[in-house]
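A short worksheet on the structure shown next.
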Amino acid sequence: MTLNPRAAQALSVALFPLALLTTTAARGADADNGERLSGRWCAECHVVAPDQKSAKADAPSFAAISASRRIPEISSFLKQSHPQMPDMSLSRDEIADIIAWMQRQAPPLDPQRPGPDKDDPKLPGRG
Numbered sequence: 170m171t172l173n174p175r176a177a178q179a180l181s182v183a184l185f186p187l188a189l190l191t192t193t194a195a196r197g198a199d200a201d202n203g204e205r206l207s208g209r210w211c212a213e214c215h216v217v218a219p220d221q222k223s224a225k226a227d228a229p230s231f232a233a234i235s236a237s238r239r240i241p242e243i244s245s246f247l248k249q250s251h252p253q254m255p256d257m258s259l260s261r262d263e264i265a266d267i268i269a270w271m272q273r274q275a276p277p278l279d280p281q282r283p284g285p286d287k288d289d290p291k292l293p294g295r296g
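Below you can see the structure in the form of structure tokens.
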């Protein structure tokens, strides 16, 4: 389905407040608590702070995650259980706190910009 320019503009205007809410939620979060939670749950595998010396090679750093993923994508990922990660059962506030801490490590990806296309041949690991 192709939207005409007016419909696309109307949709953009309608969705803009949602993007602002998502970013504002992370900005209003407690990054210091996110640092504590990250140290407890994430630091064994991920580099979660600039002074951390080691982590698993295949786990992205918090700086890399913040710079390459939109807030809703990170939030959705943290809400789900994953075999390679501990079952953290984080609350919405704790997820927002962790994301706020991630954003201190690197500028967040602009929520208005589309996220990376996982099938993009220019991404690392693709031929």
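Under the working numbering, the residues of the sequence shown are numbered 170 to 296, in order.
Cβ atoms here follow ideal geometry from the backbone N, Cα and C, with glycine treated the same way.
Small disclaimer: the values here were computed from a predicted structure and weren't measured.
- In the three-state DSSP reduction, Met257 falls in the coil class, being neither helix nor strand.
- Collapsing the DSSP output to three states places Glu213 in coil.
- Asn202 carries a helical assignment under DSSP once its states are collapsed to helix, strand and coil.
- Of all alpha-carbon atoms in Ser235, Ser237, Asp262, the one lying nearest the alpha-carbon of Lys248 is that of Asp262.
- Per DSSP, the continuous alpha helix (DSSP H) segment holding Lys248 begins and ends at 240-248.
- By the neighbour-count definition (other C-beta atoms within 10 Å, threshold 16), Asp227 is an exposed residue.
- Counting along the chain, Ser223 sits inside no alpha helix (DSSP H), nor does DSSP assign it H or E at all.
- The beta carbon of Trp270 lies closer than 6 Å to those of Ala200, Gly203, Glu204, Ser207 in the same chain, with the five residues before and after it left out.
- Per DSSP, reduced to three states, the secondary structure at Ala228 is coil, with no helix or strand assignment.
- Just so you know, the alpha carbons of Ser244 and Lys225 end up roughly 22 Å apart.
- For Asp256, the CB contacts under 7 Å within the same chain, skipping 5 residues up- and downstream, are Ser250 in chain order.
- Between Ala212 and Gln274, the beta carbon gap of about 12 Å keeps them out of contact (Cβ cut-off 8 Å).
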